[in-house]
Every structure is written in structure tokens, then in C-alpha cells.
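Those protein sequence lines, which keep their order, are chains A and B. In this text, residue positions in the first sequence follow our numbering: the first is 979, and each later residue adds one. In this text, residue positions in the second sequence follow our numbering: the first is 20, and each later residue adds one. Glycine is no exception: its CB is placed at the ideal position from the N, C-alpha and C atoms. It should be emphasised that the depicted structure is a prediction, and the values quoted were computed from it without experimental measurement. First up is the structure itself, then whatever we jot down about it.
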Amino acid sequence: MTDTAWMNAALTAARPQAIGALVRYFRDLDTAEEAFQDACLRALKSWPQNGPPRDPTAWLILVGRNAALDSVRRRNRHAPLPPDGAISDLDDVEAPLVERLDETQFRDDVLRLLFVCCHPELPVTQQIALALRIVSGLSVQQIARAFLVSETAMEQRITRAKARIAKARVAFEAPGAVERAERFTAVAAMIYLVFNEGFSAGDGSARAQFCGEAIRLARLLLRLFQTEPEIMGLTALMLLQHARAAARFDTDGEIVLLDDQDRSLWDGKLIAEGLALVDKAMRHHAPGPYQIQAAIAALHARAVRPEETDWAQIDALYAGLEQLQPSPVVTLNRAVAVGRVRGPAAALDMIEPLGSRLSGYFHFFGVRGAFLQQLGRDEEARIAFGQAIALAHTAAEAAHIRRHLDRLTQESAAVSG
Amino acid sequence: MQYAILCYNEEDVVWSMTKEEDEAMMTRLDVVQERLIKSGKLGPSLRLLPTTSATTLRKSSGEPLVIDGPFAETKEQLLGFFVVEVANLDEALDIARELGAAKTGSTYEVRPIALYNPDKRSVAGT
């Protein structure tokens, strides 16, 4: 049975590996993309008639490679074109090809393709756009819509990114252990960026699909590299965060804080997968930033009611993260846990020194305002909330803080009245 | 005769389906399952999480080795199974066909069950 849903999913699933291999052959992104596109068109014609091939990915690579070689020949006006029917020989050609495809090389193909998209010279937005276009296969129109720019602008952005990569010359040989580890770090960061782009936008936005896409890429990477604890951590982190998607915004699109979320709306399946991965990663005794963040998310996920949250353990985990990856944002997050364990005064003490470094950070002022409010320092709280609103990235963020402000105003009105 | 109908599929493909496609498939499957339950032929069934969440315990000369990932690196993975109570293999294959019509590109291994331990936990204990 070759139904449309299966065919589409098979083409999507094959894409990273197929394009990864085609990039290795042709050492050029555009050629690889065109070759894959060509192979997909042929698949849509051939599969419903001849039945799906035993190995769709190998089929697409082979057909894509032949198609690209054809067009090179055509351009060079060399040798006569092979007849279209030659594709029907695939059944014979496929078997030895599959055997020849070295599993390790395949893995590195996907890793390289992802790595190409997160070249350090590329600005973050270009990395995300490129990964979504090339690896995930989202259309330029879809990506443009999600980023609220015109299709032409996005097309240009992607073309420019590709040109930069072409100049950068990524190594095509199988990477050594150190190089592979570096690629993991860069790729994990890029996948998490894609995720966060969707996560911060919220469920109703066109960007929300990025979360699912990032999870799909992480699962793919983890399937290829089964024993990497940080990839387990990254996948778990995203699964556990994404599990809360349905509860994070109310019907008006406003942010619902963790404590106020209807936990019955959390996705149990995603949580189960996330928790299983956290457990698996812990067995390696090689903690890393993603694993720690996943462990924190797991503590939230395990709390059936907000009161059951193990804040002391969260505080300890953030302390570990601070050591591994010192950053004012991590300290800010830790302060939230400290606020729960030791009270708002201790938490405020902890974040005051961060002011100069986080002076442009929305969450700093939101969190600071909340601590001040809890301490009854309403006037200072009001100022902090005002600063937060000025720095908000989304309407939902601003609206959320505005509700805090309204509450403050109502309370002071009630006191004075 | 009890059979296990084991579902194999490429999980990359299954997990690449859109949410809508996946939900549509599960709805179609529910209809078939409902009918089979009413006919008294379908017992428990379950769907597994992806093999990336699997851990394998493999016998070795000393302590068993704990390995990340599924038992075998194959193109198609075990994604779940149904337990059915039928008169013979033909009937089990008919059910597999019905399930297959509702699902998307799966392969089924139909295998007789030798020993079946039902869930003996008391409800209060779960």
C-alpha cells in the first residue's frame, strides 16, 4: 500500500540522510537539493505504480545522483541520455547499493548536513532558516510566514547563507572524535535554537511547528548516535518542554505560568519519552548542560501538582549548571528556585549583581518585579514591570507583565480605598 | 488460539507524519479495534515509544551489558502489538489485514502466543 500520507512521510524522513549523502557526492548544496527534488518527483510517479522500494532512502539517493549526473551531462552535451525507463532497473541496482552504503558514513552525512547549517559565520536567524529549508524541507513560503518576512526576503536570506557556506569549505572526510564532538555541540545548539524559536512563539503561531521539527531532528540524530548522553539530554529537554504546549497559553493567547497551568493538558506521551531519556542519559555519568536542563524539566514534569515540585533539587541542579556553563541567565533561573526554597529576599540578593549584564533582558525585570512584589516593595516592582514591558519580544509577554501591573494597581487601590 | 500481531514499520517515517495524519490514522484504527473488541477477538494492544528511548540488556560472560538503543539496528522497528484470540491462522491474518488497511505502511508479524500472563495487579495497587 502506497498511500499519500505514507509517501509524504517517507520523503520527509529520507530527506536529511538523502541530501546529506548527495552533498557528499556533489559537494554543493544546490546540486544536492535539486537532485533530491528530482528524485522525489520521480518517486511520486514510480512508487504508486511499482510499489514502494525496500529502502526508500537508498532509492532516492541513487535516483537523485543519477538525475544530477544526467543534468551535468546534458549541460556538457556529452554522452546520450539514458532512457527514462532505466529507473526501472533499480530493483537490481538497489540491493548492492544498500550493502555498499556504509552505515557510519551515513551517520556522518546527516551530522555534516546539520553542521553545515550552523556555521559560526551565519547569524542565528540564517542558521535556523537554512536548517528548516535544507534539512527539514519546509518551503521558503512556510519559513517566511513564520518569521513574518516576505518570501523574497527569506529567499535572499537563504541564498546568502548558502553562498557563505560554499566559501567556508566544510570538511567532507569522516570526522575524527574531537571534530565529531565539536559538530555535536554546534548542531545541538542549532536544533535547540530552532526549538526555542517555536517555543517562545507559542502554540497558535506559525512558528509553533518548529518545536516538532526540532524534536524530529533530535530524534533522528539520537537514532544515528545512540550513546550520546547530551543528545539524549537535548531530546528529553525539548520533549518535556513541548509536552506543556497546550497548557502554556490561555484561550486569549496569554501566557499561563507553570504554577497556574492545567497539568492535565500536559502531553503524557512526550513526558514519558522525555523521562525515559533523562534516565538513560544519567546512566552515563557524564553530565552536560542539556542533561541538567532536562533533569530540571523532568522534576517539573514529575510534579502532579505545583506544590509537589522539588525546588530544592531544582536549585541544586541549577547550581550544577552554573558551574558547567556560568551565565547570568542561569543564575536568574536559579534565583527563581531559590525564591521558592529560601524566600524572595534571598532570591533578590542573588539577582541584584546581574543587573548590569541583563539590563536588556525581559525576564530579568519580570522576575525582579515579582520578587519585589512578594516583598511588598510595590513601587519598585511597578518600575521593574514597566522595564520588562519595554523589552518584551511578543505581545503575549507584554500582556503577561501588564496583568501583574494591573494586579498591583488593584491591590494598592484596595489598600488606599 | 492466541496470536500476537507484531507491528513493524520505519519509525523515522511514522514519526515524520504530521500530527493530523497520525491522529487520522489512530482514529481509523480505533474503528477497527472497536469492532474487533465487540467480536471478542481483540485483547490488549499497545504502541511503543521510539527506539531512541529503548535500552537493551544483553547477556555477556559476566554481568549483562546495558546498551543504549533497540535490540537490533534494522530498517524497520517493532512499534507495538495486538493480542488476538482467534480460531486459526487465517482469522489472525484477516485481522492483521484489517489493521493494515487502517494503518499506514506497516508490516505485521503474526505469531502464536505460548504463554499469556494477564495483568494481575489489583486496581488499587496501580
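Problem - Supposed contact pair A1264 (chain A) and P1207 (chain A) - C-beta distance, whole angstroms, cut 8 Å - result: 5 Å
Exercise for the section: Tell me, please, whether the stretch 33-48 of chain B touches the stretch 980-990 of chain A by the rule of three or more beta-carbon pairs shorter than 8 Å. Expected result: Three or more beta-carbon pairs drawn from the stretch 33-48 of chain B and the stretch 980-990 of chain A are found closer than 8 Å, and the two stretches are therefore classed as touching.
Practice task
Hey, could you find the ends of the beta strand (DSSP E) Y27 (chain B) is sitting in?
Solution key: Q21 to N28
Exercise for the section: Say whether chain A places a C-beta atom closer than 7 Å to the C-beta of S72 (chain B). Expected result: yes
Handout entry: Status (buried if at least 16 other CB within 10 Å, exposed otherwise) for F1014 (chain A)
Key = Under this definition F1014 (chain A) is a buried residue.
Exercise for the section: With 7 Å as the threshold, decide whether the Cβ of M36 (chain B) is near any Cβ in chain A. Expected result: yes
Handout entry: Under the three-state DSSP convention, the category E128 (chain B) falls into
Key = The answer is strand: DSSP assigns E128 (chain B) an E or B state.
Problem - Within chain B, partners of R1197 (chain A) - CB distance below 7 Å - result: W34, P69 and T71
Problem - Contacts around L1295 (chain A), its chain only, beta-carbon distance under 7 Å, and the 5 residues preceding and following it disregarded - result: Excluding residues within five positions, the ones whose Cβ falls inside 7 Å are I1270, A1273 and I1274.
Practice task
Look up D1070 (chain A) in the DSSP assignment and say whether it is helix, strand or coil.
Solution key: Legend: pLDDT at D1070 (chain A) = 46, less than 50; position of this residue unreliable, no value from coordinates given.
Practice task
On a CA-only basis, which of A:Q1219, A:D1240, A:S1183 and A:R1241 is nearest L1253 (chain A)? Give me that one, please.
Solution key: A:Q1219
Exercise for the section: Compare the Cα-Cα distances from Y135 (chain B) to each of B:K122, B:D87, B:V85 and B:F101 and report the closest residue. Expected result: B:F101
Practice task
Please confirm whether R1123 (chain A) and A1184 (chain A) have their CB atoms less than 7 Å apart.
Solution key: yes
Practice task
Could you tell me whether any Cβ in chain B is nearer than 7 Å to the Cβ of K1258 (chain A)?
Solution key: Closer than 7 Å: yes.
Handout entry: Residues in the stretch 86-103 of chain B having any Cβ partner in chain A nearer than 7 Å
Key = D87, G88 and K94
Practice task
For L1248 (chain A), I'd like the list of residues in its chain whose CB is within less than 8 Å of its CB, leaving aside the five on either flank, ordered along the chain.
Solution key: L1217, L1218, H1220 and A1221
Handout entry: Terminal residues of the alpha helix (DSSP H) in which G1347 (chain A) lies
Key = F1340 to Q1352
Exercise for the section: Quick one: using the 10 Å Cβ neighbour count with 16 as the cut-off for buried, is H1278 (chain A) buried or exposed? Expected result: buried
Problem - E40 (chain B) at chain A interface by Cβ criterion, 7 Å - result: Using beta-carbon distances, E40 (chain B) counts as an interface residue toward chain A, with a partner under 7 Å.
Handout entry: Short CB-CB distance (under 7 Å) between D113 (chain B) and chain A
Key = no
Problem - Rounded Cβ spacing between G126 (chain B) and E95 (chain B) (contact assumed at less than 8 Å) - result: With the sequence shown as reference, residue 126 (chain B) is identified as Thr, and Gly is not the correct amino acid for it. So it is a contact: roughly 6 Å between Cβ atoms.
Handout entry: Sheet register partners of F100 (chain B) (DSSP bridge)
Key = B:L25 and B:L65
Handout entry: Residue of A:S1049, A:A1179 and A:P1030 minimising C-alpha distance to G1231 (chain A)
Key = Considering only alpha carbons, the answer is A:A1179.
Handout entry: Contact set between the stretch 48-63 of chain B and chain A, restricted to residues whose Cβ is under 7 Å from the partner
Key = Of all residues in the stretch 48-63 of chain B, none is placed with a Cβ closer than 7 Å to any Cβ belonging to chain A.
Practice task
Report yes or no: is there a C-beta of chain B within less than 7 Å of the C-beta of L1200 (chain A)?
Solution key: yes
Exercise for the section: Determine contact between the stretch 1356-1373 of chain A and the stretch 1323-1341 of chain A, defined as no fewer than three beta-carbon pairs at a distance below 8 Å. Expected result: yes
Exercise for the section: Tell me whether A1010 (chain A) is buried or exposed, calling it buried when 16 or more other Cβ atoms sit within 10 Å of its Cβ. Expected result: buried
Problem - chain B contact residues for A991 (chain A), given Cβ-Cβ distances below 8 Å - result: E29, D31, V32, W34 and S35
Problem - Neighbour flag for Q1027 (chain A) against chain B, beta carbons, 7 Å - result: no
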